[in-house]
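Below is one structure, written out as structure tokens, with a few remarks after it.
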Amino acid sequence: MSRLPVSRREFLAGAAATGALIMLHPFSARAAANQAHLRIMETTDIRVNVLPYDYYADKANDTMGLSRTASLIDAVRKEATNAMLIDNGDLLQGNPMGDYVAYEKGLKDGDLHPIMKGMNLLGYECSTLGNHEFNYGLSFLDKVLAGGNFPFVCANLIRGTTLAANPRDDKLYLKPYVILDRKIKDGSGAEQPIRIGIIGFVPPQIMVWDLK
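1 is the number of the first residue of the sequence shown in my numbering; add one for each residue after it.
Okay, structure coming up:
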């Protein structure tokens with residue numbers, strides 16, 4: 001989960017290649033009256049790249065930034081009858097803005113982290129955690145997560161250092177999973193209920209990488 005963020009150019013190239021394959025798949029056809037298609041969009045390793053700006057070079061860079069990805073998300077939502085947006089983690093550390101918010105500005109109870117503001121505006125429906133969520137400590141992470149309008153899930157992170165004899169009794173840091181009740185439109189335009197389960201995990205090595 002420590003790879004560099006994918007540039008806009010790489011994202012578009014990958015999307016084009018994937019799109020060519022999808023065109024050959026029967027699910028790319030228009031949904032029949034008794035069928036419904038759901039497009040799932042996933043982002044990962046945003047790494048505090050909210051704006052199209054390279055803080056290390058101190059200049060604008062239109063190949064990066066969640067604000068640039070927003071146009072792609074909007075395009076998919078206009079194209080697909082049913083779509084949802086989730087994130088795979090590694091949100092909070094990765095450029096000087098992340099360090100500034102954590103070390104200089106800080107977050108008081110009720111403050112909204114810039115990455116949370118952006119994700120709320122884009123209508124994310126769920127996210128899990130990446131190893132970089134722990135770089136600034138749990139107190140900071142708690143304040144960040146409190147600002148989300150969507151759930152965060154993680155099934156292998158507990159509070160404390162001792163596992164319970166029964167895994168069901170473990171005191172988890174977050175909900176291990178969520179089941180979202182949604183309505184999607186089928187090929188006839190009628191709404192149909194659907195339940196979508198999302199589960200998340202973090203690499204166990206966070207206990208070594210961020211031993212605090």
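Yeah, the Cβ is synthetic: ideal placement off N, Cα and C, and Gly gets one too.
- Item | Bounding residues of the alpha helix (DSSP H) (the contiguous stretch that carries A75) | As a position in the sequence shown, residue 75 is number 75, starting the count at 1. 66 to 79 is the extent of the alpha helix (DSSP H) around A75.
- Message: Restricting to Cα atoms, I'd like to know which of G65, M41, N82, Y55 is closest to A193.
- Response: For this step, residue 193 is matched to residue 193 along the sequence shown. A small fix is needed here, since residue 193 is Pro in this sequence, not Ala. Taking each of G65, M41, N82, Y55 in turn and checking the Cα distance to P193, the smallest one comes out for N82.
- Query: Between the C-alpha atoms of T162 and P204, what's the straight-line distance to the nearest angstrom?
  - Reply: Taking the first residue of the sequence shown as position 1, residue 162 is located at position 162. Taking the first residue of the sequence shown as position 1, residue 204 is located at position 204. Spanning the two alpha carbons is a distance of roughly 15 Å.
- Exposed or buried, L121, counting other C-beta atoms within 10 Å across all chains shown (16 or more means buried)? Taking the sequence shown and counting its residues from 1, the one referred to as residue 121 is at position 121. Counting the other CB atoms within 10 Å of its CB gives L121 a total below 16, which places it among the exposed residues.
- Neighbour-count burial assignment, G130, 16 or more Cβ in a 10 Å radius: Against the sequence shown, residue 130 aligns to sequence position 130. Buried.
- In the DSSP assignment, what are the bridge partners of Y53? As a first step, residue 53 is located in the sequence shown; it is residue number 53 there, counting from the start. Answer by DSSP bridge pairing, in chain order: A60.
- Message: Can you tell me which residues form a DSSP beta bridge with E238?
- Response: Given a span of 1 to 212 for the chain in the structure shown, any question on residue 238 remains unanswerable.
- Three-way DSSP call (helix, strand, coil) for E104 in this model: Residue 104 sits at position 104 when you count from the first residue of the sequence shown. Residue state for E104 is assigned as helix, using DSSP reduced to three classes.
- Query: G148: which of T69, K117, R68 sits nearest, CA to CA?
  - Reply: In the sequence shown, residue 148 corresponds to position 148, counting from 1. Of T69, K117, R68, the residue nearest in Cα terms is K117.
- Query: Cα-Cα, which of D58, T63, I40 is closest to A80?
  - Reply: Stepping through the sequence shown from its first residue, residue 80 is reached at position 80. Taking A80 as reference, the option from D58, T63, I40 with the minimal CA-CA separation is I40.
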